Amino acid sequence: MGLKYREYLNGKKVYGCSTCRSHLSTSDKVMSRDFQGQYGQAYLFCGVVNIEEGEEQQERNMTTGRHRIASISCIRCGTMLGWKYIKAYDSQQKYKEGKYILEKSLLRLVD
Ligand SMILES: [Zn+2]
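Throughout the sequence shown, residue numbering follows the UniProt record's numbering, covering 1 to 111 in sequence.
Next comes the structure, spelled out in structure tokens:
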């Protein structure tokens, strides 16, 4: 395992991990605030840094259809933050592929 250097983001609003405050994304990367995570409201982001993708992918049936996802966790503290959409089987959901869901309750605005 190599050393991991954390990336720092500049932006009006930077979202960080609520546990360790590592930078994760910015408000201009938010595609939707109208998603449902495992613990409640979740945001869809088009780009997230300082995360580790779970090696094991899962097939999950959601209200919007079947998706293949990989869990994502903070590289610093290991907190599970949400998931990445690997594949959407429904053609109308394809825009989510390669995008990230972060649980709102696990995010905090950081400086
Ligand atoms: Zn963290």
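In this text, a Cβ means the ideal position worked out from N, Cα and C, and glycines have one as well. It should be emphasised that the depicted structure is a prediction, and the values quoted were computed from it without experimental measurement.
Considering only C-alpha positions, which residue in the set the options is nearest to residue i?
{"i": "Ser91", "options": "Arg21, Cys74, Gly65, Cys77", "result": "Gly65"}
{"i": "Gln38", "options": "Gly78, Glu7, Ser105, Arg76", "result": "Ser105"}
{"i": "Tyr100", "options": "Ser18, Val14, Val30, Glu7", "result": "Val30"}
{"i": "Gln58", "options": "Ile51, Thr79, Ala70, Gly47", "result": "Ala70"}
{"i": "Leu81", "options": "His67, Asn10, Leu107, Leu9", "result": "Leu107"}
{"i": "Arg60", "options": "Val110, Tyr89, Lys13", "result": "Tyr89"}
{"i": "Gly78", "options": "Tyr15, Thr19, Asn10, Tyr8", "result": "Thr19"}
Using only the heavy atoms of ligand 1, determine whether one of them is closer than 7 Å to the beta carbon of residue i.
{"i": "Arg76", "result": "yes"}
{"i": "Thr19", "result": "yes"}
{"i": "Ser25", "result": "no"}
{"i": "Thr63", "result": "no"}
{"i": "Ser105", "result": "no"}
{"i": "Ser22", "result": "yes"}
Roughly how many angstroms lie between the CA atoms of residue i and residue j, to the nearest whole one?
{"i": "Thr26", "j": "Arg33", "result": "13 Å"}
{"i": "Met1", "j": "Glu52", "result": "With a pLDDT of only 41 at Met1, under the threshold of 50, the placement of this residue in the model should not be trusted, and no figure is reported."}
{"i": "Val48", "j": "His23", "result": "9 Å"}
{"i": "Lys94", "j": "Asp28", "result": "21 Å"}
{"i": "Leu75", "j": "Asn50", "result": "Sequence inspection shows Ile at residue 75; the Leu mentioned does not correspond to that position. Those two C-alpha atoms are separated by around 6 Å."}
Around the C-beta of residue i, are 16 or more other C-beta atoms found within 10 angstroms, so that it is buried, or is it exposed?
{"i": "Arg40", "result": "What sits at residue 40 in the sequence shown is Gly, not Arg. Gly40 is exposed by the Cβ-count criterion."}
{"i": "Lys84", "result": "buried"}
{"i": "Glu55", "result": "exposed"}
{"i": "Glu103", "result": "buried"}
- Query: Enumerated in chain order, which unbroken segments of the alpha helix (DSSP H) with a length of 4 residues or greater are wholly contained in the UniProt domain "Yippee" (13-111)?
  - Reply: none
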